[in-house]
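Residue numbers for the sequence shown, in my numbering: 35 to 391.
Ideal placement from N, C-alpha and C gives every residue a C-beta, glycine not left out.
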Amino acid sequence: MPGIRRPSAAEGAGDPRFGAGPLLDRHGRTARDLRVSLTDRCNLRCHYCMPPEGLPWLEQPAVLDDEEVVRLVTLAVRDLGVREVRFTGGEPLLRRGLERIVAATTALRTEDGAPVSTSLTTNGIGLARRADALAAAGLRRVNVSLDTLRADRFAAITRRDRHADVLAGVEAAARAGLAPVKVNAVLLRGTNDDEAADLLRWALAGGYRLRFIEQMPLDPHGTWRREDMVTAEEILAALRAEFDLVARPGSARGAAPAETWDVTGPGGLRGDVGVIASVTRPFCGDCDRTRLTADGQVRTCLFSTSETDLRDAMRAGADDAALARRWRAAMWGKLPGHDIDDPGFLHPTRPMSAIGG
Ligand code: SAM
Ligand code: SF4
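If you want it as structure tokens, here you go:
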């Protein structure tokens with residue numbers, strides 16, 4: 035893939051900073067939250083994420099197999115201080131070994147002996163069939179992406195007529211105890227930007243936790259325009275027309291990307307709502323993420339323009355200590371912010387679906 039940095043097998047070797055300890059960076063952050071992409075493929079074609087024909091998918095041999103994924107996740111938890119693992123993609127439910135990978139991950143313990151928190155971000159298709167097995171494998175939580183309550187709009191946004199499957203997936207996840215189920219929604223101007231309050235009413239009634247995500251410049255064709263994006267401010271204004279919103283006490287979100295409000299609505303509806311305002315209220319200073327792509331590249335950020343290879347090193351026989359050094363060295367170089375607002379902002383080398391959202 036163009037623009038990918040492939041450091042020498044000795045990356046980080048000999049540098050005492052990278053021999054032990056967690057994933058620190060030179061700006062004082064520690065990565066505790068690992069996002070693992072299990073595939074770049076998807077069964078939807080959300081038009082802000084993928085073109086109708088899909089993308090040039092990774093060849094199968096390039097993708098980490100289940101054992102390789104488990105080895106790197108184990109390394110991250112055992113040796114690198116990771117405490118939370120979220121599986122994503124592409125669509126992670128397309129990965130046949132998902133339950134096995136989840137079970138192996140939940141069997142891990144952090145340095146303090148605590149269980150690892152495992153979660154999944156999914157479009158929900160097929161979740162109705164697999165929610166029980168995933169819960170049995172130890173999965174704690176799911177985030178299901180759903181941008182609209184209207185089947186016709188869903189078909190227009192995702193280019194597939196699968197709205198009912200997603201709703202069934204959300205309900206099954208809640209029944210399976212993967213609760214509270216979070217629902218991610220991206221509002222798109224002129225398409226579903228009138229649905230903020232409807233989505234919240236539906237989520238509160240169902241006991242789901244709704245999170246709006248500002249659309250980010252991560253589309254494959256680089257057509258994102260800031261002025262088209264529905265901002266956090268607009269979303270909150272639409273919600274306030276119908277709901278009382280009270281910022282969570284202290285409203286410190288820590289490393290969590292969502293700012294959260296307690297909500298009271300008509301008919302006594304209660305719950306919360308989050309807004310992930312990566313563009314208008316960036317939280318890079320508190321970011322605790324490290325990312326692994328489906329082909330075994332470490333990314334320090336969604337917006338990185340370089341990556342650090344672990345797959346080829348692993349396949350060439352690198353031991354765990356060498357892989358851990360590479361991962362620490364990669365994270366040390368994490369940039370302070372994504373600089374979306376900088377005129378020199380460079381579009382990342384991969385679209386969102388190939389990074390792992
Ligand atoms: N396929 C799964 C899903 O849709 O949940 C996991 C991968 S998807 C890339 C993860 C999340 O990223 C989804 O909630 C999706 O709506 C969101 N997303 C995709 N492209 C985005 C963009 N350009 N800006 C903001 N969010 C985006
Ligand atoms: Fe697939 Fe998720 Fe991208 Fe939609 S947002 S095309 S479901 S990867």
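As computed with DSSP, residue 308 is found in a beta bridge with 245 and 294. Only exposed fits residue 130, as fewer than 16 other CB atoms lie within 10 angstroms of its CB. According to the DSSP secondary-structure assignment, residue 388 is paired through a beta bridge with no residue. With at least 16 other beta carbons inside 10 angstroms of its own, residue 292 counts as buried.
Residue 280 is classed as exposed because its beta carbon has fewer than 16 other beta carbons within 10 Å across all chains shown. Relative to the non-hydrogen atoms of ligand 1, the Cβ of residue 247 comes within a distance shorter than 7 Å of at least one. Chain order is used for the residues whose beta-carbon lies nearer than 5 Å to a heavy atom of ligand 2, namely 76, 78, 80, 83, 84, 157 and 387. Excluding the 5 residues flanking it on each side, residue 202 has same chain C-beta neighbours closer than 6 Å at 162, in chain order.
Looking at the DSSP output, residue 332 shares a beta bridge with 326 and 342. Ranked by Cα distance from residue 170, the first of 182, 152, 185 and 234 is 152. Straight across, the Cα-Cα distance linking residue 95 with residue 333 is about 20 Å. Each of 194, 142 and 389 was checked against the Cα of residue 341, and the nearest Cα belongs to 389. Where residue 59 is concerned, there is no enclosing alpha helix (DSSP H), because DSSP gives it neither an H nor an E.
Secondary structure at residue 200: helix, using DSSP grouped into helix, strand and coil. Distance from the C-beta of residue 250 to the nearest heavy atom of ligand 1 is below 7 Å. Secondary-structure assignment with DSSP links residue 216 through a beta bridge to 177 and 243.
For residue 123, the shortest C-beta to heavy atom distance toward ligand 1 is below 7 Å. Annotation: residue 317 is outside any beta strand (DSSP E) and is labelled neither H nor E by DSSP. Membership of residue 268 in the alpha helix (DSSP H) is indicated by the continuous run 266-274.
Taking the Cβ of residue 253 as the reference point, at least one heavy atom of ligand 1 falls within a distance shorter than 7 Å. 336 is the residue among 359, 146 and 336 whose C-alpha sits nearest the C-alpha of residue 385. By the Cβ test, the stretch 115-126 is in contact with the stretch 140-159, since at least three Cβ pairs between them sit closer than 8 Å.
Burial check for residue 155: the Cβ neighbour count within 10 Å reaches 16 or more, so the residue is buried. Nearest neighbour of residue 133 by Cα position, chosen from 54, 164, 352 and 114, turns out to be 164. In this structure, residue 168 places its C-beta atom within 8 Å of the C-beta atom of residue 212. With fewer than three CB-CB distances shorter than 8 Å, the stretch 217-227 does not count as touching the stretch 96-108. Between the stretch 305-322 and the stretch 55-74, the count of C-beta pairs closer than 8 Å reaches three or more; the two stretches touch. Note: residue 281 is bridge-paired with 295 in the DSSP secondary-structure output. Using a Cβ-Cβ distance cut-off of 8 Å, the stretch 191-200 and the stretch 236-248 are not in contact, since fewer than three pairs of beta carbons, one from each stretch, lie closer than that value. Nearest to residue 177 by C-alpha distance, out of 205, 90, 183 and 258, is 205.
Using a cutoff of 7 Å, the CB of residue 218 counts as near ligand 1, since one of the ligand's heavy atoms is closer than that.
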